[in-house]
Structures are given as structure tokens and as C-alpha cells.
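Going by the working numbering, the first residue of the sequence shown is number 1391, and it counts up by one from there. The C-beta atom is built at its ideal place from N, Cα and C for all residues, glycine as well.
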Amino acid sequence: MSALFTPLKIRETVFQNRVWVSPMCQYQATHGHIGQWHRSHLGAFATGAPGLIMVEATGVIPEGRISIGCPSIEDDAHANSFKEVIDFAHSQNVKIGIQLAHAGRKASTMRPWDDHRIATIDEGGWEATSSSATAFEGYPIPRALTINEIKDLTEKFSEAAERAVKVGFDV
Ligand SMILES: Cc1cc2nc3c(=O)[nH]c(=O)nc-3n(C[C@H](O)[C@H](O)[C@H](O)COP(=O)(O)O)c2cc1C
């Protein structure tokens, strides 16, 4: 018999079933804050009672966002914008996770329907950085981070994870 609709426990987290919703970029955040779009999009999945919903790639710092429309969890204010949808997911016994991300050399694009081209500073874009000054095909050459900047970035991942747990994410 299929185990699809049976619970799964990983460490202390119990998922009510094994139907999990993949993270899906929506490009609907404003300055990294999620709003009604995300609450509706993620909330609608919660009404279907999957075991887990994963929130899309979310920048641990603003420059880690993929596009100017991607969310970030750079501070408590950004983290708190997820609270309402987290609480709704929990009201449906649905676990909710967040994909902590840094887009590296593929960062700072426009939204897909604006050709996904590189955003200018005036459009809200920024200088992409990466572990080396090696461009992704069709993208500008990123600025190579220094060793200290890379160490600092690992701290940003850990701070983002702490913020995510504090606001109520399960995964
Ligand atoms: C609109 C859209 C946005 C996506 N955004 C993300 C994302 O933010 N992070 C990620 O890891 N994968 C992302 N993906 C990939 C999906 O999470 C998933 O891995 C992919 O669709 C393959 O799963 P499937 O075979 O069930 O469709 C996205 C996919 C789609 C269709």
C-alpha cells in the first residue's frame, strides 16, 4: 500500500503526509517583503493539506535575491511578513519551510515577464557577487567576494535560519 498519505517524522517534526509542495519563485515581493500574493499563493496550497509547503528561494541578504521581485529574510521585519501565512499553514496542520538562498552570479535580474534581463541600479538592481569572477553564461562578470566576505556570508545564512525559526518556520 502507498505510504503517500501516511505521516512522516524527521527528528521532532511530524508531517501529516508525504505530499510536499516544491519552492516556486513568484517574483511578487516588494523590496524583499512578501504580501497578499504570497499569502494567497501559499495559503491556497495549505487548504489542500499537504505535509509540507516550501517557500521559494529567499535571499539571506538583499543582494542574495535572484530578481528584484524575490523575497528576502534579511531582518526581522522581512521575516515577520511570513508570520500570517505560517500561522494559517499551522492551523491546517501543514508544516511550512523556507529555502534560504543566495543567487550569487545569477542575482539582480528583472522579473521573467520583463525579459529576466539584468536590472540596472535605477531599476532596483545591484552588483552581483560570487565566489569567483566567473560569469554565468549570458550574465555579467560578478565581483569575486573576499575570503572575509565569504565568512561573513556564512554568518548571514545562520542569522537567517535563526530568524526563520523565530518567526515559526518548521523546516
Ligand atoms: C514557477 C517555478 C518556480 C520555481 N522556483 C524554485 C525555487 O524557488 N527554488 C527551487 O529550488 N526550485 C524552484 N523551482 C523548481 C521546483 O521546485 C521543482 O523542483 C521543479 O518544478 C521539479 O519538480 P517537478 O518535477 O515536481 O515539477 C521552481 C519551479 C517552478 C515551476
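Since Gln1426 is in the alpha helix (DSSP H), which residue starts that stretch and which ends it?
1426 to 1437
By the DSSP assignment, the beta strand (DSSP E) with Ile1400 in it spans what residues?
1398 to 1400
Hey, quick one: how far does the alpha helix (DSSP H) through Leu1543 stretch, first residue to last?
1537 to 1557
Can Pro1564 and Ala1419 be called in contact, C-beta distance under 7 Å?
Nothing about residue 1564 can be read from this structure; the chain reaches only from 1391 to 1561.
Among Arg1553, Cys1415, Ala1436, Val1409, nearest to Thr1493 - alpha-carbon criterion
The sequence shown places Ala at residue 1493, not Thr. Checked all of Arg1553, Cys1415, Ala1436, Val1409; the closest Cα to Ala1493 is Cys1415.
What's the gap between the Cα of His1431 and the Cα of His1480?
15 Å
Per-residue DSSP class, three states only, for Ile1488:
strand
What do you reckon, are the CB atoms on Ala1518 and Ala1497 nearer than 7 Å?
yes
Rounded Cβ spacing between Ala1469 and Val1557 (contact assumed at less than 8 Å)
4 Å
So, using beta-carbon positions, are Ser1471 and His1423 closer together than 7 Å?
yes
For the alpha helix (DSSP H) containing Ile1443, list its first residue and its last residue.
From DSSP, Ile1443 is part of no alpha helix (DSSP H) but of the beta strand (DSSP E) over 1442 to 1449.
Is Pro1413 a contact residue of ligand 1, with contact defined as CB to any heavy atom under 6 Å?
yes
At a threshold of 6 Å, does Glu1474 count as lining ligand 1 (C-beta to nearest heavy atom)?
no
Coarse secondary structure for Arg1495, derived from DSSP in three states
helix
I'd like the span of the alpha helix (DSSP H) that includes Val1343, first residue to last.
What the structure shows of the chain is the stretch from 1391 to 1561, and residue 1343 is not part of that stretch, so it cannot be assessed.
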